[in-house]
Every structure is written in C-alpha cells, then in structure tokens.
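Right, one structure below, let's go through it.
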Amino acid sequence: MVSVITVLCYGSGAMICAILTWFRTWNHADVMYVADNDILILITLAGSILMFTALLGLTGTLLNSRPILATYTLLLWPALISMLAVGYTSYKRYAFSLDRKLNFSWSQYYTPLGRLMIQSSLRCCGFYDPLHEATMSNRCYTRTPLPGCKAKLFRFERENLSLIWSTTFSIISLHLINIFVALLCSNHVTTVFGKGITPKQYRLSELDLKADAEKIRSQIERIRPTYSRASSSTVFREDREERTSLLRDSSP
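Given below as structure tokens:
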C-alpha cells in the first residue's frame, strides 16, 4: 500500500506541475512552454501513466486481486521508460552546448508568437539585442533599453533543466524500488477476490436473526398439516363387523 501511494504521489505531482505550466500559472511558465515544449509533453505523458498505474495498483491492493496487481506491475515499466525519456532529454539539452541550441532554436524553431512570449516573460528584446530577430511589440522596438534575451534565457534554461533532470533521476531510483515491491506483492497475494469481509450493509445483527427466525417459524406453522385422530364412533365398528360376517358366510 505504501509503495502504491508513493507512485500516486510523484505521479500526481508531475501532473500538477504539467497542468500549471500548460495553463501558464507560474512565473516564466511561458518560457518553458515555448523553449521546452517537448519536455513538457513528456512530463504530461509520464504523469498520466503514473497516475493511472497507481490507481490500478490501489484497486488491486484493496481487492487483493492478483491479476490487477500483475497488470499494475507490468504498467510500472512503461512508466519507468517515460520517466527516463524526461530525464534523458532534459539532461542532454542541459549538458551539451545549451547556448548553441538556444541560438539555433531562436532562429529556426521559435515562432514570432513564441519569441514574443519569451520576451514578455523575461523582459528582454531580441536574442543578442533588439536588432537580432526580435518580435516587435510596445516594449520591444529598435531603440528599447531592454537587453537581449540570450543571457536571461540561458540562465533560466540551465536552472529549469537542472531541476527537471535531477528530480526525475531521483524519483527513478524510488520507482525501481516500487517495481521490486510490486513484483513481490503480485507473487504472494492470495487468489481470493476481496478481503473476505462481509460488507457492513450485508451484516446481520441479533435483531435481524430473531426476526428471520420468527418469520421462518410462522411459515412452518402455516404450511405444516394438522394431525386428525381416528374416530371412536360405534357406527364404523358395526359396519366393519357386518362386512366381516358376510365374508365368512360366502367362504366355502
């Protein structure tokens, strides 16, 4: 149960962070939305898989169902792969020529709207200066005092990517422990569906037993036939004696 709850915790945490970024509710969320959109999609996918897997494992634990727990254990592996994809992508971008990647992305990949979102969030204009591939706005124009976005974007990306890959790889170690625990639990759980406990609404109290006993007793008394005693009238005796004498006379 503790293992499943931990999976649910970091899965729901990933989903909350992804949703807050998609709706751009925190400071500089626009920058991550534009610059790290692929990582954001991977985080959303990993969080969805983790939450679904955790809910399935919680169901299997409560019901003591071996097939459900086996499915839960199987789904932990795709969840691990999705987490590795998040960690690998963020670390590779962080560790290898981040400044060149940002320069290339600003020139080739970012749309004018994406550049405008980064400029508005970081309060800068253009990449090196306002004359270098800037998206003009009421704050970004040729003679604006705002600096270029390269330094601020580079600083934000290093901090953000470092936080993502370090957190992801830390959780992966815990996830491997959860996989090991899930393998043990799925192999040792009984085949009984449920805990063998009668639900509360179906439990019988002492009053229910007495009422059922009275009901059964009344039904038995209503169905049971009454015994009749043999009649002691002399009419039947005389009739029997007459038939006996007739049989004797007719015999040779």
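Everything in the sequence shown is counted per UniProt numbering, starting at 1 for the first residue and increasing by one. Ideal placement from N, C-alpha and C gives every residue a C-beta, glycine not left out. Please read these numbers as outputs of a predicted model, since none were measured by experiment.
Which of helix, strand or coil does DSSP assign to residue i?
| i | result |
| --- | --- |
| G148 | coil |
| G126 | coil |
| residue 253 | Nothing about residue 253 can be reported from this structure: the residues present for the chain run from 1 to 252 only. |
| N27 | coil |
| V192 | For V192, the predicted structure reports a pLDDT of 49, less than 50, and the residue's modelled location is therefore unreliable. A value from the coordinates is still provided. Coil, per DSSP. |
| T111 | coil |
| R143 | coil |
Less than 7 Å between C-beta atoms, sequence neighbours within five positions excluded: which residues of the same chain meet that for residue i?
| i | result |
| --- | --- |
| G194 | Only weak support is given to the placement of G194: the predicted model assigns it a pLDDT of 49, under 50, and the question is left unresolved by the model. |
| A14 | I43, A46, G47, L50 |
| S107 | E133 |
| L183 | T73 |
Tell me which residues share the same chain as residue i and place their Cβ nearer than 6 Å to its Cβ, disregarding the 5 neighbours each side in the sequence.
| i | result |
| --- | --- |
| Y91 | W165 |
| K152 | L122, C124 |
| S8 | Sequence check: residue 8 is Leu here, not Ser. For L8, where only same-chain residues beyond five positions count, the Cβ hits under 6 Å are A54. |
Which word fits residue i, buried or exposed, when buried means at least 16 other C-beta atoms lie within 10 angstroms of its C-beta?
| i | result |
| --- | --- |
| D212 | exposed |
| Q219 | exposed |
| F23 | exposed |
| V2 | exposed |
| E214 | exposed |
| N27 | exposed |
| N178 | buried |
| A95 | exposed |
| L67 | Here the sequence assigns Pro to residue 67, which means Leu is not the residue at that position. Exposed: under 16 other Cβ atoms inside 10 Å. |
| L69 | buried |
| Y110 | buried |
Go to residue i, then tell me how far its alpha helix (DSSP H) extends in each direction, as first and last residue.
| i | result |
| --- | --- |
| M83 | 66-95 |
| S137 | Per DSSP, S137 belongs to no alpha helix (DSSP H) and is neither H nor E. |
| T6 | 2-22 |
| D99 | 98-108 |
| L131 | Neither: L131 is in no alpha helix (DSSP H) and is coded neither H nor E. |
| S205 | Per DSSP, S205 belongs to no alpha helix (DSSP H) and is neither H nor E. |
Can you give me the Cβ contacts of residue i inside the same chain, cut-off strictly under 8 Å, excluding the 5 residues immediately before and after it?
| i | result |
| --- | --- |
| S120 | D30, S137, R139 |
| Y33 | T21, W22, R24, L40, M117 |
| S105 | A35 |
| I171 | Y10, M83 |
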